[in-house]
Amino acid sequence: MRGYVSKQIIIIDDDKLILKMAEDILSEAGYSVEVADSNIYSNHLIYGPRKPDLIVVDVMMPLMTGDSKVKALKRREKSSDIPVLLTSSLEEEKLKKLTDESGADGYVCKPFTQQSLLEAVRSHLN
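Heads up, the sequence shown is in my numbering, so the first residue is 11 and it goes up one at a time.
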């Protein structure tokens, strides 16, 4: 398809295995994927030349938790409209509460499957 640009997704997680797995799943589904293993590096991707269509961030990150990252993203004009999904191995009720409190748009429980990750992503991109 000429002129088609795939949706841009940024994944933020300090676990390199999770990053690789999520990147593979989403890339194979046709998405353009960038990964960051720190919240600091993720800012270069989020506020870079191409605005992401979706951000997936782990709750348990060093220096700044994922829910704090969501709050920061939602406060900034340049990123306030970007959908953000939280991921975590926390109990689902706790993750849902963090999602609501932080202003995140949704969540994916870890360990996630190909199907659960794609369903969550697609529901926030379409």
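The beta carbon of each residue, even a glycine, is placed where N, CA and C say it ideally should be.
Counting along the chain, the unbroken beta strand (DSSP E) around Thr-97 starts and ends at 94-98.
Our two residues, Leu-100 and Ser-16, have alpha carbons roughly 31 Å apart in a direct line. With respect to Asp-77, Leu-108 sits close: the two C-beta atoms are nearer than 8 Å. In this structure, Ile-65 lies near Leu-83, with their beta-carbon atoms less than 8 Å apart. Excluding sequence positions up to five before and after Pro-72, its CB lies within less than 7 Å of the CB of Asp-24, all in the same chain and listed in chain order.
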